[in-house]
Structure formats: structure tokens, C-alpha cells
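Beneath this line is the structure, given in C-alpha cells, with notes to follow.
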Amino acid sequence: MEIVIKNLNHIYMPGTPFERQALQDLNMQISSGSFVAILGQTGSGKSTLIQLIAGLMSPTSGNIQIGSYHLTPNSKERLAVRKHVGVVFQYPEHQLFEETVVKDIAFGPRNQGLSEKEVTERVQMAMEMVGLSPELGDRSPFQLSGGQMRRVAIAGVLALSPEILILDEPTAGLDPHGKSELLNTISKLHKERQMTVILVTHDMNDAARFADYLFVLARGTCELEGTPGDVFKEQDHLVQFALDLPDITRLINQLNRQIHPPIPTNIFSMNELENHLIERLKKVVSL
Amino acid sequence: MNQLVIGQYVPGRSLIHQLDPRAKLAFVFAYMILVFFANNIASYGLLLFFSACTIYLSQIPLRIFSASLKPILFLILVMILFHLFLTKGGQVLFHFSFLTIYEEGVRQAVFISLRLILLVLTASLLTFTTSPMDLTDGLENMLHPFTRFGLPAHEFALMMSIALRFIPTIWDETEKIKKAQMARGADFESGHIFRRVKSYIPVLIPLFISAFRRAEDLALAMEARCYRGGINRTKLRELHFSTKDLGLVIIFAFLVLGICLLRE
Ligand SMILES: Nc1ncnc2c1ncn2[C@@H]1O[C@H](COP(=O)(O)OP(=O)(O)OP(=O)(O)O)[C@@H](O)[C@H]1O
Ligand SMILES: [Mg+2]
Chain A
1335 MEIVIKNLNH IYMPGTPFER QALQDLNMQI SSGSFVAILG QTGSGKSTLI
1385 QLIAGLMSPT SGNIQIGSYH LTPNSKERLA VRKHVGVVFQ YPEHQLFEET
1435 VVKDIAFGPR NQGLSEKEVT ERVQMAMEMV GLSPELGDRS PFQLSGGQMR
1485 RVAIAGVLAL SPEILILDEP TAGLDPHGKS ELLNTISKLH KERQMTVILV
1535 THDMNDAARF ADYLFVLARG TCELEGTPGD VFKEQDHLVQ FALDLPDITR
1585 LINQLNRQIH PPIPTNIFSM NELENHLIER LKKVVSL
Chain B
26 MNQLVIGQYV PGRSLIHQLD PRAKLAFVFA YMILVFFANN IASYGLLLFF
76 SACTIYLSQI PLRIFSASLK PILFLILVMI LFHLFLTKGG QVLFHFSFLT
126 IYEEGVRQAV FISLRLILLV LTASLLTFTT SPMDLTDGLE NMLHPFTRFG
176 LPAHEFALMM SIALRFIPTI WDETEKIKKA QMARGADFES GHIFRRVKSY
226 IPVLIPLFIS AFRRAEDLAL AMEARCYRGG INRTKLRELH FSTKDLGLVI
276 IFAFLVLGIC LLRE
């Protein structure tokens, strides 16, 4: 499902002294089956945007088109949109409530009105996807470790089989290993199921490595967008939005001061960089 | 927060904001008692006029006050119906089979709802214009004389300030959890009342868990900073009465006089 956002505005608590414009004339387009990352400083409106896309709030003005649905200020289609969009909020483990892991993951599919058999299948599938071993199924989710609880919560969203998966800083508070494992899982799902993934993150490394398109939000509008290669070329711009470069881009920039011709800056994984350098070395040797 | 929480402080620099919290607390307490003495159009008129003036002086938008009245609309409606149909006395205004509406019923219906509105507006004015800190400081100060009789004034005020401090936080948390469960297909709006109550379980359990977690964190943080009780504690900000606060006493005296003259 393609997502087209036109002139989107969102104002919190309008007409009170606490009024706050969180989104301002936002325009974006996310094509079906892509993996995009949304970057931006704290308070730039990222969480607001994803809640609007997920049909959890109504915009103040503007239009979000998701597939054939239109989300406008008075649209009745929010409920329908929610069936297609799965959202993993920040610290999703804080929403667990059931007695057992299996029951908690089954909450979503049950609400969708699936049969008992289908629910069981969905739960199994979701647990497998996030790498939860089946023995944990009958444990209370509150007896698990933080990382395991996070997996249970994410499985609860994946069990909905959403066509669009939105993740709001899903790796916050995880150790480095758990972090890359989680993102690899998401990336695999995206590839295998052509799931559209929208990742909100503060980590430039993750954005560069996993996303194929980036949006940079600042003060409620999209200030910069493009492939990671394009976006991270705009170093001066990024500094202005209080954003960093990925570690690997910084490394390449540093190397490029010494070597000629420069290494292309659209390389974002160590593997690729290695291959590139080996190719170069081969050329030099064969000369 | 998507909407204003009832009783939330609305920062400002108006005359009413600047009054001493103790003066405001005492005034509101006395004023609320005074409201019960009004018993005719003129006396209610005086009080309504006074409340309108204070609302104007507070420089807080009217719609915030009207929002604070919303939760009691239902109560007002019930009161009105009760009095219209059940209070007897005076002339018969309306008669239809078993329904009879008396003059006294209408009077009572109007006055009771006015009284409720006045009480809520006054309480709202206090919380809108006084920060939770000031409110609890004021309360602690006023309760202080009772410590001699074993009343833990400081602890009481601390409890109140913690509760007030966490209302918006917990409200935000509720919204967040509600949205997360809604994204998983939870439905809080349809179905009969029992189903709707039941549908809140997925919100309440995480909410309780997080409240306990917060309480533990807070206790730990307070202990880590060597917090202990009220004995010999000094305050960063001392409360001071000013001439404006004295003005409240005079205004109140006039109001009492007015009500005495106007009521029947
Ligand atoms: N429920 C709310 N009520 C009122 N204002 C809000 C609410 N949620 C967000 N805001 C305000 O809207 C603006 C955008 O907030 P948002 O949560 O979308 O930012 P964000 O980009 O997700 O930030 P972060 O990176 O810290 O998560 C902020 O200025 C915030 O203060
Ligand atoms: Mg956010």
C-alpha cells in the first residue's frame, strides 16, 4: 500500500494556552514495499506523524492516503486503516498485560475476529519471527528479561500480519547485540513479505544500513529526503538539524582525504566497503 | 496530552495568579460556604457577577472553564429533572396526566444548577491559577498549626503534591497505552457498558504496573537524595502575603454583606 501525505497539519490542544503545532504542511510519499527511516531531532514531530499514519489520531488538516483509504480530519476510515497498519511504539513492553506470552500475542489476532486455529498459527508464526522459543509461551510476560519482553510485544504486533509496519525507536534500551538482531529480523521480514517498513530512529547507523529512503523532519516539516547516499552527502544541512553522519560515512570521508580517487560515499556496510577496497587493491596489483 | 486535564494549572501572570495560595485557599473555602446562603435571584446574581469578574481577571480563555463544566453536565441534568418533577409547592405551571411541574420545582432546578456551576467554577479557578507547588505549600502552611495534635502536615502535603504532579503523567501514559492497544485492534467505544468496562483491562493492567514502577523509582530517587520527613526542612521559596491578599478579605466582607442584604 502506497502512502501519500499532502499538506498535513497537526495541532495539539488547539485553542488552549498549551496549543502546539507538531506538524506543519508536511508532504511525503512512501512507496509500497519500501523500507524508509524517519529521522529528526527530539520534538520534530516523528511520533505524531506515525500516529496519524496508523489512524490513531485525526489530523487537524490535510490528507493521508493509504492504499485506497483517505485519512482527513473527519474521516471515518481510521478504523479500517488500523487493520492494515501495525505499530510498535517506544518501549512496547510497557503494554503487555496478559497472564501468558501466548495470550498476549494472541490479543491482536483475536480482536481481528480470526478463528482459534488461525490465532494459534499466527502466534506461532510471530514467535518464530522474533526468535522466541516455544517454551516461553506459557510463562508470564512479566517474568521475562527486558529484551525478551520487547520481543513478545513486537510479536504481538507482527501477529496482526500488517501490510505496513511502523516502529518508533524499537531498539531504545537494548544492548548492541539485541539491537542488530532485532533490526535484522525486521529487515528479513521486509524482504520476505514485501512489508512496508517505517522506522523512526535516532541512530544514523541503523538508518543508513537498513533503510532505502530517508526523511528528515525538523519543526514539523520534511526538510530533507532521499536515499541514504543523497541525504548523508548534505553534511552541513544535517548539522543544522542536529543530526550526525553514520560512523562508516565518517570513516570514508576521513579516508578520502588521503586517497584518490575517493571511495563512493553511498557505501553503508562494512562488507561493501571491504569489497570495494579489495577490488581497488586488485586493480592496483594487476597494473 | 490531547485535551486539558481537569484542574490543570494554566500558567499566567494575571492578578489572580499572583495572589498568595493561602489567601486563595481560604477565600475559596469561605466563598463556597457563602454560595450555600444564596437563595434568590438577586443573591445568585451577585455571586455570578463576582465569579464572572474573577474569570475575566484570570485571563484564562472561557472555553477552558466551559470544558471544566462538561464533566458535571450530566449531574446537573439529573438534578434539574429531579427538581422539576418531584419538588412540590407554589403554583402549578404545567400539568399533563401524571406529570405536574410546580413553580418551586423550577426555582429549585435553576438554583441548584447555578450552585453547582458556581462551585465548580470557583474550584477550577483555584486550580487553574495556582501551581500544584503553590497549592501544596499553601496547604502545608495552613495545616501546620495542627501538627501539635499529631497531624502529619508535611507528609500530607507531600502526598498531595506527588499525586498532583503525577496526574498529567499518568494521563499521558493512559493515552499512550490506549493507542497501543487500539493499534492491536482493541475497541473502547462500542458495545454495552460491561463490555466497555472489560475492554479497559488491557489498559488498566499496564497502567498499574507502570504506576508501581514509577512509585518505586521515585522512592529510590528521594532516598538517594537523603530525603527525610518534615522536621527542620527549609523551603527554597517562602510564601508572602501582600496587600493584594488583604484586598481579598475586604472583597469577601463586601460579598457577605451583599448576600445578607439580598437574600430572603
Ligand atoms: N500528546 C501531546 N500533547 C501535546 N503536545 C504534544 C503531544 N505529543 C507531542 N506533543 C508536542 O508535539 C511536538 C512533536 O512531538 P513528537 O512526539 O511528535 O516528537 P518526536 O519527533 O517523536 O520526538 P522524540 O524524538 O523525542 O520522540 C513536541 O513539541 C511535543 O511537545
Ligand atoms: Mg517520539
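Each protein sequence line maps, in turn, to chains A and B.
If you're matching positions, the first sequence starts at 1335 in my numbering and goes up one per residue.
If you're matching positions, the second sequence starts at 26 in my numbering and goes up one per residue.
Built from N, CA and C at the ideal position, the CB exists for glycine as well.
Between the Cα of residue i and the Cα atoms of the options, which residue gives the shortest distance?
i          : options                                           : result
B/Leu-102  : B/Leu-141, B/Leu-150, B/Phe-119 and B/Thr-194     : B/Leu-141
A/Asn-1600 : A/Phe-1544, A/Leu-1551 and A/Val-1457             : A/Phe-1544
A/Ile-1387 : A/Glu-1608, A/Phe-1476, A/Ile-1582 and A/Asn-1343 : A/Asn-1343
B/Leu-261  : B/Asp-162, B/Phe-277, B/Ile-284 and B/Lys-201     : B/Asp-162
B/Ile-80   : B/Met-167, B/Leu-143 and B/Phe-266                : B/Leu-143
A/Ile-1337 : A/Ser-1409, A/Ala-1460 and A/Ser-1366             : A/Ser-1366
A/His-1610 : A/Ser-1409, A/Gln-1592, A/Ile-1586 and A/Ser-1620 : A/Ile-1586
B/Lys-113  : B/Asn-257, B/Ile-126, B/His-120 and B/Phe-119     : B/Ile-126
A/Arg-1416 : A/Ile-1498, A/Gly-1396, A/Lys-1437 and A/Glu-1433 : A/Ile-1498
A/Asn-1518 : A/Asp-1509, A/Val-1464 and A/Leu-1470             : A/Val-1464
A/Leu-1430 : A/Thr-1535, A/Ile-1488 and A/Ile-1345             : A/Ile-1488
B/Ser-215  : A/Ser-1409, A/Ser-1395, A/Phe-1352 and A/Leu-1413 : A/Leu-1413
A/Leu-1492 : A/Gly-1420, A/Glu-1526 and A/Arg-1484             : A/Gly-1420
B/Leu-264  : B/His-120, B/Leu-160, B/Val-131 and B/Asn-65      : B/Leu-160
According to the Cβ coordinates, are residue i and residue j closer than 9 Å?
i          : j          : result
A/Ala-1542 : A/Pro-1580 : yes
A/Leu-1383 : A/Leu-1551 : yes
B/Asp-212  : B/Ser-224  : yes
B/Ser-186  : B/Met-158  : yes
A/Gln-1385 : B/Lys-204  : yes
B/Leu-40   : B/Leu-82   : yes
A/Ile-1339 : A/Gln-1399 : yes
A/Leu-1360 : A/Gly-1554 : yes
A/Gly-1442 : A/Gly-1389 : no
B/Leu-146  : B/Leu-71   : no
A/Leu-1548 : A/Ile-1582 : no
A/Asp-1546 : A/Lys-1513 : no
B/Tyr-69   : B/Ala-77   : no
A/Thr-1530 : A/Ile-1364 : yes
B/Ile-195  : A/Phe-1476 : no
B/Thr-155  : B/Ile-85   : no
A/Pro-1496 : A/Ile-1520 : no
A/Glu-1433 : A/Ser-1474 : yes
B/Ile-202  : B/Val-228  : yes
A/Pro-1598 : B/Pro-36   : no
A/Leu-1494 : A/Gln-1446 : yes
A/Asn-1341 : A/Asn-1397 : yes
Taking its Cβ as the centre, do 16 or more other Cβ atoms sit within 10 Å of residue i, making it buried, or is it exposed?
i          : result
B/Thr-268  : exposed
A/Val-1618 : exposed
A/Glu-1613 : exposed
B/Asn-27   : Interpretation of B/Asn-27 is limited by its pLDDT of 48, a score under 50 that renders its predicted location unreliable; the figure taken from the coordinates is listed afterwards. Result: exposed.
B/Gln-133  : buried
B/Gln-206  : buried
B/Leu-106  : exposed
A/His-1511 : exposed
B/Asp-45   : buried
B/Ile-284  : buried
B/Pro-231  : buried
B/Ile-89   : buried
B/Thr-259  : exposed
For the beta strand (DSSP E) that contains residue i, what are its first and last residues?
i          : result
A/Glu-1559 : 1555-1560
B/Val-117  : 117-121
A/His-1395 : It is Ser, not His, that sits at residue 1395 of chain A in the sequence shown. Looking at the DSSP string, the run of the beta strand (DSSP E) that includes A/Ser-1395 is 1395-1400.
A/Gly-1374 : 1369-1374
A/Phe-1549 : 1547-1552
B/His-42   : Looking at the DSSP string, B/His-42 is not in any beta strand (DSSP E); the run it does join, the alpha helix (DSSP H), is 40-43.
A/Ile-1345 : 1337-1346
B/Thr-125  : 124-127
A/Met-1362 : 1354-1364
B/Val-35   : Unbroken run through B/Val-35: none, as it is neither H nor E.
Where does the unbroken alpha helix (DSSP H) through residue i begin, and where does it stop?
i          : result
B/Asn-65   : Per DSSP, B/Asn-65 belongs to no alpha helix (DSSP H) and is neither H nor E.
A/Met-1481 : Checking the sequence shown, residue 1481 of chain A turns out to be Gly, not Met. First-last of the alpha helix (DSSP H) with A/Gly-1481: 1480-1492.
A/Thr-1519 : 1510-1527
A/Val-1436 : 1435-1445
Heavy atom of ligand 3 less than 8 Å from the Cβ of residue i, yes or no?
i        : result
B/Val-53 : Ligand 3 is not part of this structure, which contains only ligand 1 and ligand 2.
What residues in the region 84-95 of chain B bring their beta carbon closer than 9 Å to a beta carbon of chain A?
Those residues of the region 84-95 of chain B that come within reach of chain A (Cβ to Cβ, closer than 9 Å) are Ile-85, Pro-86, Arg-88, Ile-89 and Ala-92.
Which residues, in order along the region 1378-1402 of chain A, keep a beta-carbon less than 9 Å from a beta-carbon of chain B?
Along the region 1378-1402 of chain A, going in chain order, the ones with a CB nearer than 9 Å to a CB of chain B are Gln-1385, Ala-1388, Gly-1389, Leu-1390 and Met-1391.
Contact residues within the region 203-216 of chain B, judged by C-beta distance below 8 Å to chain A
Residues are counted here when their Cβ sits less than 8 Å from a Cβ of chain A; for the region 203-216 of chain B these are Lys-204, Ala-205, Gln-206, Met-207, Ala-208, Arg-209, Gly-210, Ala-211 and Asp-212, given in chain order.
Check distances from the C-beta atoms of the region 40-70 of chain B to those of chain A and list, in chain order, the residues that come in under 9 Å.
Listed in sequence order: no entries.
Got a sec: which bits of the region 187-202 of chain B sit with their beta carbon under 9 Å from any beta carbon on chain A, in order along the chain?
For the region 187-202 of chain B, the set of positions with a beta-carbon nearer than 9 Å to some beta-carbon of chain A reads Glu-198, Lys-201 and Ile-202 in chain order.
Taking a cut of 9 Å between CB atoms, which residues from the region 219-230 of chain B lie near chain A?
Answer set for the region 219-230 of chain B: Ile-226, Pro-227, Val-228, Leu-229 and Ile-230.
The region 1478-1498 of chain A: positions lying closer than 8 Å to chain B by Cβ:
Within the region 1478-1498 of chain A, contact with chain B at the beta-carbon level (separation under 8 Å) is assigned to Gly-1490, Val-1491 and Leu-1494.
Identify each residue in the region 1348-1364 of chain A for which the Cβ-Cβ distance to at least one residue of chain B is less than 8 Å, and report them in chain order.
Interface annotation for the region 1348-1364 of chain A against chain B: Gly-1349, Thr-1350, Pro-1351 and Phe-1352, criterion Cβ-Cβ distance under 8 Å.
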